[in-house]
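Participant: This structure is in structure tokens; I'll ask about it shortly.
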Amino acid sequence: MTQRRSLDPDDWRAARRQAHRMLDDVIDHIESLRDQPVWRAPTTTAREHFTEDLPRAPTALSDLHQTFLEAVLPYSSGNAHPGFMGWVQGAGTLPGVLAELLAAGLNANLGGRDHMAIAVERQLTAWTQQMFGFPTSATGLFVTGTSQANFLATLVARGRALGFEARRTGLGDKGLRLTAYASSAAHGCVRQALDMMGLGEQALRLVPADDQHRICLASLAHVIAQDRAAGCTPFLLVGTAGTVDTGAIDDLGALAAVARAEQLHFHIDGAFGALGVLSPAIAPRLEGIQLADSIAFDWHKWGQAPYDAGYLLVRDGELHRRTFAAEAAYLQRSPRGLGAGAWWPCDYGPDLSRGFRALKVWFTLKAYGARELGEAIERTCSLASRLAELVAAEPRLELLAPVALNIVCFRFRAPDADADAVNSEIVMRLHEAGRVAPSLTRLGGRTAIRAAIVNHRTDERDIAALVASTLEMGRQCCSREPA
Ligand SMILES: Cc1ncc(COP(=O)(O)O)c(C=O)c1O
Numbered sequence: 055m056t057q058r059r060s061l062d063p064d065d066w067r068a069a070r071r072q073a074h075r076m077l078d079d080v081i082d083h084i085e086s087l088r089d090q091p092v093w094r095a096p097t098t099t100a101r102e103h104f105t106e107d108l109p110r111a112p113t114a115l116s117d118l119h120q121t122f123l124e125a126v127l128p129y130s131s132g133n134a135h136p137g138f139m140g141w142v143q144g145a146g147t148l149p150g151v152l153a154e155l156l157a158a159g160l161n162a163n164l165g166g167r168d169h170m171a172i173a174v175e176r177q178l179t180a181w182t183q184q185m186f187g188f189p190t191s192a193t194g195l196f197v198t199g200t201s202q203a204n205f206l207a208t209l210v211a212r213g214r215a216l217g218f219e220a221r222r223t224g225l226g227d228k229g230l231r232l233t234a235y236a237s238s239a240a241h242g243c244v245r246q247a248l249d250m251m252g253l254g255e256q257a258l259r260l261v262p263a264d265d266q267h268r269i270c271l272a273s274l275a276h277v278i279a280q281d282r283a284a285g286c287t288p289f290l291l292v293g294t295a296g297t298v299d300t301g302a303i304d305d306l307g308a309l310a311a312v313a314r315a316e317q318l319h320f321h322i323d324g325a326f327g328a329l330g331v332l333s334p335a336i337a338p339r340l341e342g343i344q345l346a347d348s349i350a351f352d353w354h355k356w357g358q359a360p361y362d363a364g365y366l367l368v369r370d371g372e373l374h375r376r377t378f379a380a381e382a383a384y385l386q387r388s389p390r391g392l393g394a395g396a397w398w399p400c401d402y403g404p405d406l407s408r409g410f411r412a413l414k415v416w417f418t419l420k421a422y423g424a425r426e427l428g429e430a431i432e433r434t435c436s437l438a439s440r441l442a443e444l445v446a447a448e449p450r451l452e453l454l455a456p457v458a459l460n461i462v463c464f465r466f467r468a469p470d471a472d473a474d475a476v477n478s479e480i481v482m483r484l485h486e487a488g489r490v491a492p493s494l495t496r497l498g499g500r501t502a503i504r505a506a507i508v509n510h511r512t513d514e515r516d517i518a519a520l521v522a523s524t525l526e527m528g529r530q531c532c533s534r535e536p537a
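For the sequence shown, the working numbering gives the first residue as 55, with consecutive numbering after it.
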């Protein structure tokens, strides 16, 4: 056996040919998405490829590619497909895919140091400041997703409430009395963030939502007053710009005023909705977002960047830094050389090793421009309005929530005792049929079919197919026809 000097290919020409084939296949896949099923159940044979023992010997790249083509690609979750409307997921774009390739080729570590990838990430911070009307002293950080960004924001809020001594001493007795506020329609990750920061989920007061699924301001005032009277220390108010179930937007301006009066950190979970600021038609509905102390959102949802690309923007950069920056001899900064630069991304969050997420977002924003991305966002909202009209016009369907943005919750009318089971069965049948893929949620104690239209490829045909297939599956279920 010849001794290898590195893990690079022995035959660069052959490797290049194989790489070009793989790139072609990726492009073929994206180009032909509409002709494929949105989802199909992974076969046993496909799964068996991934239950092998640890490989000890090498396998040719072409064989690995073949396995990917046969056992992974056909069984993806389908979020790139125009018929995908389940959960809240972006579709990706070709510029984003290519940027991922370039980023992987560079293999940059964006924890810090003086190199150009950091400058690209800083460019994104500046653009994000501009998008949300934040000052240039605001700081930002790419993270995995909004769940993580919300968690980091709660830590920033803790530093603001308790000072930074808590980083050294822990929460102690003082921390046990901290309370946070969000609506009952807030995403579960906000509750989880309070758990992970050590306060416990119960420290998050879930304030009732109104009939538009927005936080009820009178109830909020009442709950805060009650907590103060009981000796608690309210420290954080989380508004939602686009709730996960219905797309409702809290009254952000009013929440900013409450936060100011009560001296709370005002954080906005804008996982998908925050990027509505890119559309002149939607931006006015987000009025007040510019007043937040921090905003969490995802470029991988309405921003259509490939997974993953969550983001946290913090108004007070000093507060942000003091929440996370930690000195270490091996991370010391030098006046010159690769170790230069005053503040590094690792000073703004817990991750030291970080990939080049910024590049795919930079490519996406530059390739399309903010205006075109905003128009794509607007189209998803128009499709949601159209879907709501089709549902309202169909006697066998029932709309279950107002449509604020791009999410439509509805259900097939069936006798009360069967309705939840019938609608769950409809969604499973829709997935198995492979034309459209909505998801399920529960609203007001009832099972709802939820179409979250996030995908820039979704169009009128997909909306019409969702309505027609739901009716067909609903009739089948009610007449007990097998799937
Ligand atoms: C309002 C809201 N918050 C948070 C999240 C979680 O975001 P991520 O999946 O990027 O962690 C979502 C996901 O859909 C969401 O809609």
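All C-beta atoms in this analysis are idealised placements derived from N, C-alpha and C, irrespective of residue type, glycine included. Quantities reported herein were computed from a predicted structural model and do not represent experimental measurements.
1) With a floor of 4 residues, list each alpha helix (DSSP H) that falls wholly inside the segment 88-176, ordered by position along the chain.
2) Within 9 Å of any Cβ in chain C, is that where the Cβ of Val210 sits?
3) One question on the structure: do Tyr365 and Phe196 come within less than 9 Å of each other, judged by their Cβ atoms?
4) Would you grab the beta carbon distance between Thr418 and Pro136 for me? Rounded to a whole angstrom, and I think it's under 8 Å.
5) Applying the 10 Å Cβ sphere with the 16-neighbour rule, what's the burial state of Met251?
6) Please specify which runs of the beta strand (DSSP E), each continuous and at least 3 residues long, are wholly inside the segment 433-518, giving them in chain order.
7) Suppose you measure from the CA of Tyr402 to the CA of Arg176; what does that come to, to the nearest Å?
8) Using only the heavy atoms of ligand 1, determine whether one of them is closer than 8 Å to the beta carbon of Gly364.
9) Is Lys414 near ligand 1, judged by its Cβ being under 8 Å from some heavy atom?
10) Classify Glu106 as buried or exposed, calling it buried when 16 or more other Cβ atoms lie within 10 Å of its own Cβ.
11) Look up Ala383 in the DSSP assignment and say whether it is helix, strand or coil.
12) Could you check the C-alpha separation between Glu486 and Ile480 for me, to the nearest Å?
13) Using a Cβ-Cβ cutoff of less than 6 Å, which residues in the same chain neighbour Trp398 once the five nearest sequence positions on both sides are dropped?
14) My assumption, with CB atoms under 8 Å, is that Leu290 sits in contact with Ala346. Please give the rounded CB distance.
15) Just reading off the alpha helix (DSSP H) that Ser201 is part of, what are its end residues?
16) What three-state label does DSSP hand Ile349 in the structure shown?
17) What does the Cβ neighbour count give for Asp65, buried or exposed, with the cut at 16 atoms within 10 Å?
18) Provide the residue span of the alpha helix (DSSP H) that contains Gly395, from first to last.
19) Look at the alpha carbon of His74 and the alpha carbon of Pro334, and state the distance between them as a whole number of angstroms.
20) Taking buried to mean at least 16 other C-beta atoms within 10 Å of its own C-beta, is Ile303 buried or exposed?
21) Within the present structure, is the beta-carbon of Glu298 separated from the nearest heavy atom of ligand 1 by less than 8 Å?
22) Does any heavy atom of ligand 1 sit closer than 8 Å to the C-beta of Val261?
23) Say yes only if the C-beta of Asp405 is nearer than 8 Å to one or more non-hydrogen atoms of ligand 1, and no if none qualify.
24) Which runs of the beta strand (DSSP E) spanning at least 3 residues fall entirely within the segment 285-348, listed in chain order?
25) Taking Gly395 and Arg387 to be in contact with their CB atoms under 8 Å, please state how far apart those CB atoms are, rounded to whole angstroms.
26) Exposed or buried, what is Ile81 when buried is set at 16 or more other beta-carbons lying within 10 Å of its beta-carbon?
27) Using 8 Å as the cut-off, can you tell me whether the segment 365-378 makes contact with the segment 114-123, which would need three or more C-beta pairs spanning the two stretches below that distance?
28) Looking only at C-alpha atoms, which of Pro338, Val508, Val490 and Gly224 sits nearest to Arg88?
29) In the DSSP assignment, find the beta strand (DSSP E) that holds Leu548 and state where it starts and stops.
30) Confirm the yes/no value for this check: CB of Asn204, any heavy atom of ligand 1, distance under 8 Å.
31) Is any non-hydrogen atom of ligand 1 found closer than 8 Å to the C-beta of Thr208, if you look at the structure I gave you?
32) Given a cut-off of 9 Å, decide if Ala359 and Gly132 are closer than it, judged by their beta-carbon atoms.
33) Determine the contact status of Leu156 and Arg411, defining contact as a CB-CB distance below 9 Å.
34) Looking at the unbroken beta strand (DSSP E) that takes in Val232, where does it start and where does it end?
Facilitator: In brief:
1) 98-102, 115-121 and 148-160
2) Among the protein chains of the structure shown there is no chain C, as only one such chain exists.
3) Residue mapping note: residue 365 aligns to position 311 of the sequence shown, counting from 1. Residue mapping note: residue 196 aligns to position 142 of the sequence shown, counting from 1. Yes; because the gap between Cβ atoms is below 9 Å, this pair is in contact.
4) The sequence position of residue 418 within the sequence shown is 364, counting from 1. The sequence position of residue 136 within the sequence shown is 82, counting from 1. Contact flag wrong, Cβ pair sits at about 18 Å.
5) Mapped onto the sequence shown, residue 251 falls at position 197. Per the 10 Å Cβ criterion, buried.
6) 451-453, 461-466, 493-497 and 500-506
7) Locating residue 402 in the sequence shown gives position 348, where the first residue counts as 1. Locating residue 176 in the sequence shown gives position 122, where the first residue counts as 1. Computed Cα separation, rounded: 12 Å.
8) The sequence position of residue 364 within the sequence shown is 310, counting from 1. It does: the Cβ of Gly364 is within 8 Å (strictly closer) of some heavy atom of ligand 1.
9) By one-based count along the sequence shown, residue 414 stands at place 360. Every heavy atom of ligand 1 is 8 Å or more from the Cβ of Lys414, so no.
10) As a first step, residue 106 must be located in the sequence shown, where it is residue number 52. It is exposed - the Cβ of Glu106 has fewer than 16 other Cβ atoms within 10 Å.
11) Residue numbering aside, residue 383 sits at position 329 when the sequence shown is read from its first letter. Helix at Ala383.
12) Residue mapping note: residue 486 aligns to position 432 of the sequence shown, counting from 1. Residue mapping note: residue 480 aligns to position 426 of the sequence shown, counting from 1. The straight-line gap from Cα to Cα measures roughly 10 Å.
13) On the sequence shown, residue 398 is found 344 positions in, with the first residue counted as 1. The answer, listed in chain order, is Gly166.
14) Here the question's residue 290 lines up with position 236 in the sequence shown. Here the question's residue 346 lines up with position 292 in the sequence shown. Incorrect: roughly 12 Å between the Cβ atoms, too far for contact.
15) Within the sequence shown, residue 201 is the residue found at index 147, counting from 1. First-last of the alpha helix (DSSP H) with Ser201: Thr200 to Leu216.
16) If you number the sequence shown from 1, residue 349 lands on position 295. If DSSP states are grouped into helix, strand and coil, Ile349 belongs with the strands.
17) Counting from 1 along the sequence shown, the entry for residue 65 is found at position 11. Asp65 comes out exposed.
18) Here the question's residue 395 lines up with position 341 in the sequence shown. Gly395 -> no alpha helix (DSSP H), and no H or E assigned at all.
19) Numbered from 1 along the sequence shown, position 20 holds the residue referred to as residue 74. Numbered from 1 along the sequence shown, position 280 holds the residue referred to as residue 334. So the alpha carbons of these two residues sit roughly 40 Å apart.
20) Residue 303 sits at position 249 when you count from the first residue of the sequence shown. Ile303 should be labelled buried.
21) As a position in the sequence shown, residue 298 is number 244, starting the count at 1. Residue 298 is actually Val in this sequence, not Glu. Checking the Cβ of Val298 against ligand 1 gives yes.
22) Numbered from 1 along the sequence shown, position 207 holds the residue referred to as residue 261. Every heavy atom of ligand 1 is 8 Å or more from the Cβ of Val261, so no.
23) Taking the first residue of the sequence shown as 1, we reach residue 405 at position 351. False, no ligand heavy atom lies under 8 Å from that Cβ.
24) 287-294 and 319-323
25) Numbered from 1 along the sequence shown, position 341 holds the residue referred to as residue 395. Numbered from 1 along the sequence shown, position 333 holds the residue referred to as residue 387. About 6 Å separates the two Cβ atoms, so the contact holds.
26) Reading the sequence shown from its first residue, position 27 is the one you call residue 81. Answer is exposed; the Cβ neighbour count stays below 16.
27) no
28) For the purposes of this step, residue 88 is identified with residue 34 of the sequence shown, where counting begins at 1. Nearest Cα to Arg88 within the set Pro338, Val508, Val490 and Gly224: Val490.
29) What the structure shows of the chain is the stretch from 55 to 537, and residue 548 is not part of that stretch, so it cannot be assessed.
30) Sequence index remark: in the sequence shown, residue 204 carries index 150 (1-based). Because some heavy atom of ligand 1 lies under 8 Å away, the Cβ of Asn204 counts as near it: yes.
31) Along the sequence shown, read from residue 1 onward, the residue named residue 208 stands at position 154. Not so, every heavy atom of ligand 1 lies at least 8 Å from the Cβ.
32) Here residue 132 refers to the residue found at position 78 when the sequence shown is read from its first residue. Here residue 359 refers to the residue found at position 305 when the sequence shown is read from its first residue. Not in contact: Gly132 and Ala359 (Cβ atoms no closer than 9 Å).
33) In the sequence shown, the residue the question calls residue 156 occupies position 102. In the sequence shown, the residue the question calls residue 411 occupies position 357. No, the pair does not count as a contact, with Cβ atoms beyond the cut-off.
34) Here residue 232 is taken as the residue at index 178 of the sequence shown, counted from 1. Inspection of the sequence shows that residue 232 is occupied by Leu rather than by Val. It spans Leu232 to Ser237 - the beta strand (DSSP E) in which Leu232 sits, taken as one unbroken run.
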